[in-house]
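Novice:
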Amino acid sequence: MRRSRAFIPTTKEVPSDATLPSHQFLVRGGFINQQGAGLYNFMPLGKIVLEKIRKIVKEELDKAGCNEVQLSFVTPISLWDKSGRSDTMGKEMLRIQDRHQNDFVLSPTNEEAMVELVKNRVTSYKDLPVNLYQINTKFRDEARPRYGILRGREFLMKDGYSFHSSKEDMIREFNLMQETYKKIFTRLGLDFRVVDADSGAIGGTGSKEIHVLANSGEDTIVVCDTCDYGANIETIFEDEAQVDAYNEKSYEELTKLELEQKCSCGSSLSFKKGIEVGHIFQLGTTYTSALEANFSDENGKPKPFEMGTYGIGVSRLVASVIEQNHDENGCIWTKETAPYTVNIMVSNIKDEAQVTLGEELYLKLLGENVEVMFDDRKERFGFKMKDAELIGFPYTVIIGKELANGLVQIYDRKTTEKTSVKTGDVFSTIMELI
RNA sequence: CGGGGUGUAGCUCAGUAUGGUUAGAGUACCUGGUUUGGGACCAGGGGGCCGAAGGUUCGAGUCCUUUCACCCCGACCA
């Protein structure tokens with residue numbers, strides 16, 4: 165993409181309502197903009213990142229044997245009456261009426277719809293297990309949306325549901341999903357922990373959350389210093405006041421605290437702040453019983469499906485990557501999430517030699533299917549550098565004053581180091597880096 | 001849902017106490033010139049139903065009423 169043709173409205177000004185780095189940088193970098201309370205538009209850069217994350221989630225789930233579907237976003241309220249959640253979910257469910265005054269709900273989650281989809285279509289234990297998922301818009305009319313796309317009302321979520329003939333098989337799938345989630349978050353380049361969690365209002369027994377570690381996280385978790393054990397503090401302290409007391413502490417305060425309890429492996433446990441980006445549940449038969457979704461077992465007897473449910477906050481992940489990877493100048497995208505891997509920056513657009521080399525390199529990288537941005541705007545060096553840092557391209561090739569000596573520089577966004585490379589070597593050097 | 005706050009140029013904000021020419025600044029944008037390695041400089045220019053509706057007044061960004069939106073703290077949050 166040529167920067168002169170790209171719609172990337174960056175700003176120097178910090179939006180007044182944004183407190184978190186991810187919110188500020190995503191808005192300033194022209195990734196997203198606010199449409200209303202908890203409602204955001206994804207502009208070209210934001211859309212690219214969102215799709216990249218969606219693609220990784222899809223690839224890993226498909227590899228694990230899951231089937232992608234897409235359920236209608238608007239659902240009849242009768243679906244929610246059957247499970248009782250039209251009452252229990254309260255105002256979080258946005259209700260609307262059509263022209264016939266029939267009541268509908270904008271899907272906040274899809275257990276009911278997914279059970280209805282499988283019910284009477286999967287009828288035998290021989291057809292089990294089956295795991296269905298979708299990556300689709302959700303709407304939850306939160307009392308107070310905040311933190312940009314970290315807690316929006318409308319958001320993109322992957323929600324998966326598995327159906328089984330036995331609890332054992334459901335637990336097997338639960339563990340498979342846990343491993344699949346680890347692959348996904350590893351590919352995204354995130355520092356994360358799988359932690360024991362409360363099952364909350366959705367019901368069910370075993371439940372684990374995946375948290376991206378970040379100072380600004382809303383949740384407090386404890387993690388083992390050596391093994392991979394971790395837990396949301398909601399599961400550690402029985403007293404709610406105690407949980408609240410810890411939640412109120414800042415990241416700095418928390419890291420100084422020590423937990424009296426030791427991990428079962430013998431090491432000590434320490435506090436961290438996390439952003440919940442995934443949650444997996446062993447649901448059991450709560451919904452399938454309520455909705456009378458049965459299959460025939462080996463003896464021909466009807467039994468409700470054992471069910472598991474698995475969520476990933478896809479749009480929340482966009483912000484989470486930045487909460488974990490940024491500096492005072494802007495975003496630092498990870499390899500798999502960067503909207504463009506390489507940015508070619510021509511320092512002085514009036515210098516023909518610079519432009520020629522830039523064009524040449526741009527076309528050559530495009531030919532190799534490298535995701536490359538060519539900053540061909542008539543702007544000064546400092547302006548373009550600040551812009552590149554704000555957006556967070558992993559690598560920027562600076563074609564500038566060193567060209568006279570046959571050199572260009574490669575700027576590494578993460579280390580912020582500039583390395584001089586001979587013009588003849590820049591293509592191969594870039595190909596090795598990415 | 002309780003408590004607090006803010007709506008004025010694309011953005012960040014003055015101006016409102018005490019009503020009074022043509023509503024301001026910075027930034028962004030346009031034109032011309034100079035500049036060209038860290039968000040440049042000079043000159044000129046465009047851009048506003050002062051959130052909306054109603055009211056008081058000779059006169060309302062400013063006062064009154066209603067309403068909408070957004071933000072913050074809390075409660076809530078698979």
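Residue numbers (our numbering): 165 to 598. For every residue, glycine included, the Cβ atom is placed at its ideal position computed from N, Cα and C. The model shown is predicted, which means the values in this text are computed figures rather than measured ones.
What does the alpha-carbon distance come out to for the pair Pro272 and Ser330?
Specialist: Between Pro272 and Ser330, the C-alpha separation is close to 28 Å.
Novice: With DSSP collapsed to three states, give me the class of Glu596.
Specialist: It is helical.
Novice: Determine the closest residue to Lys222 out of Thr419, Ile476, Gly546, Arg166, with distance taken between C-alpha atoms.
Specialist: It is Ile476.
Novice: I'd like the span of the beta strand (DSSP E) that includes Asn295, first residue to last.
Specialist: Looking at the DSSP string, the run of the beta strand (DSSP E) that includes Asn295 is 294-303.
Novice: With a threshold of 7 Å on Cβ separation, who are the neighbours of Arg167 within its own chain once the five nearest residues in sequence on each side are excluded?
Specialist: Cβ neighbours of Arg167 beyond the five flanking positions: Met537, Phe538, Asp539, Asp540, Arg541.
Novice: If we call anything under 8 Å between Cβ atoms a contact, is Ile563 one with Val510?
Specialist: Yes, Cβ-Cβ distance for Ile563 and Val510 is below 8 Å.
Novice: Identify, in the order they occur along the chain, each residue of the same chain with its Cβ nearer than 6 Å to the Cβ of Phe545, setting aside the five sequence neighbours on each side.
Specialist: Cβ within range, chain order: Ser511.
Novice: Can you tell me whether Gln425 is helix, strand or coil according to DSSP?
Specialist: Reduced to three states, the DSSP call for Gln425 is coil.
Novice: Ser250 to Phe591, Cα distance in whole Å?
Specialist: For Ser250 and Phe591, the distance between alpha carbons rounds to 59 Å.
Novice: Less than 8 Å between the CB atoms is what I'm expecting for Ser380 and Lys437, so what's the real figure, rounded?
Specialist: Right, their Cβ atoms sit about 7 Å apart.
Novice: Taking only the alpha-carbon atoms, compute the straight-line gap between Ile366 and Val178 and give it to the nearest angstrom.
Specialist: Unreliable placement is indicated for Ile366, whose pLDDT of 47 sits below 50; the coordinate value is still reported in the next sentence. Rounded to the nearest angstrom, the two C-alpha atoms are 38 Å apart.
Novice: Figure out for me which residue from Lys283, Val294, Gly430, Gln265 has the closest Cα to the Cα of Thr452.
Specialist: Among Lys283, Val294, Gly430, Gln265, the Cα nearest to that of Thr452 belongs to Lys283.
Novice: Less than 8 Å between the beta carbons of Phe459 and Ser288, yes or no?
Specialist: Yes, they are a contact pair.
Novice: According to the neighbour-count rule (16 or more other Cβ atoms, all chains shown, within 10 Å of its Cβ), is Leu421 buried or exposed?
Specialist: So Leu421 ends up on the exposed side.
Novice: Assign Ser168 to one of three DSSP states: helix, strand, or coil.
Specialist: Note: Ser168 maps to helix in three-state DSSP.
Novice: If distances are taken between C-alpha atoms only, which option among Thr175, Val294, Val359, Leu320 comes closest to Ile444?
Specialist: Ranking Thr175, Val294, Val359, Leu320 by Cα distance to Ile444 puts Val359 first.
Novice: Helix, strand or coil: how does DSSP classify Arg357 here?
Specialist: Strand, per DSSP.
Novice: Quick one: is Lys302 buried, meaning 16 or more other Cβ sit within 10 Å of its Cβ, or exposed?
Specialist: With 16 or more other Cβ atoms within 10 Å, it is buried.
Novice: Beta-carbon within less than 6 Å of Ile212's beta-carbon, same chain only, minus the 5 sequence neighbours each way: which residues are those?
Specialist: Cβ neighbours of Ile212 beyond the five flanking positions: Pro503.
Novice: Using CA coordinates, which residue listed in Gln488, Ala457, Gly472 is at the minimum distance from Pro466?
Specialist: The option with the nearest alpha carbon to Pro466 is Ala457.
Novice: Is DSSP giving Ile241 helix, strand or coil here?
Specialist: Ile241 falls in the helix class under three-state DSSP.
Novice: Would you call Val238 buried or exposed, if buried means 16 or more other Cβ atoms sit within 10 Å of its Cβ?
Specialist: By the neighbour-count rule (16 or more Cβ atoms within 10 Å), Val238 is not buried but exposed.
Novice: With distances taken between CB atoms, is the gap from Lys582 to Tyr575 smaller than 8 Å?
Specialist: Yes. Within cutoff.
Novice: Could you tell me which residues DSSP pairs with Ala395 in its beta bridges?
Specialist: Partner(s): Asp360, Val386.
Novice: Give every residue of the same chain whose Cβ lies closer than 7 Å to the Cβ of Ser584, excluding the five residues on either side of it in the sequence, and list them in chain order.
Specialist: Glu566, Leu571, Gln573, listed in sequence order.
Novice: So what does DSSP say about Gly200, is it helix, strand or coil?
Specialist: Gly200: strand per DSSP, three-state reduction.
Novice: With DSSP run on the structure shown, which of helix, strand or coil describes Asn458?
Specialist: Asn458: strand per DSSP, three-state reduction.
Novice: So, does the stretch 309-323 touch the stretch 331-347, judging by three or more C-beta pairs under 8 Å?
Specialist: These segments do not touch.
Novice: Identify which residue in Glu424, Asp392, Leu529 has its Cα closest to the Cα of Met165.
Specialist: Here the closest residue by C-alpha is Leu529.
Novice: Beta-carbon within less than 7 Å of Met253's beta-carbon, same chain only, minus the 5 sequence neighbours each way: which residues are those?
Specialist: Cβ neighbours of Met253 beyond the five flanking positions: Pro272.
Novice: Of the residues Glu416, Gln342, Pro309, Tyr297, which one's Cα is nearest the Cα of Met321?
Specialist: Comparing Cα positions, the closest option is Tyr297.
Novice: Which residue comes first and which comes last in the beta strand (DSSP E) that contains Gln265?
Specialist: Where Gln265 is concerned, there is no enclosing beta strand (DSSP E), given that its DSSP letter is neither H nor E.
Novice: Comparing C-alpha positions only, which one of Leu354, Ile241, Asn396 sits nearest to Val482?
Specialist: The shortest C-alpha separation from Val482 is found at Leu354.
Novice: Cutting at 7 Å between CB atoms, please list the residues of its own chain near Lys499, excluding the five before and the five after it.
Specialist: Taken in chain order, the residues that qualify are Gly353, Pro558.
Novice: Using the three-state DSSP reduction, which class does Lys514 fall into: helix, strand or coil?
Specialist: Reduced to three states, the DSSP call for Lys514 is coil.
Novice: Going by CA-CA distance only, name the one from His328, Asp226, Ser180, Glu516 that's closest to Asp461.
Specialist: Of the candidates His328, Asp226, Ser180, Glu516, the one whose C-alpha sits nearest the C-alpha of Asp461 is His328.
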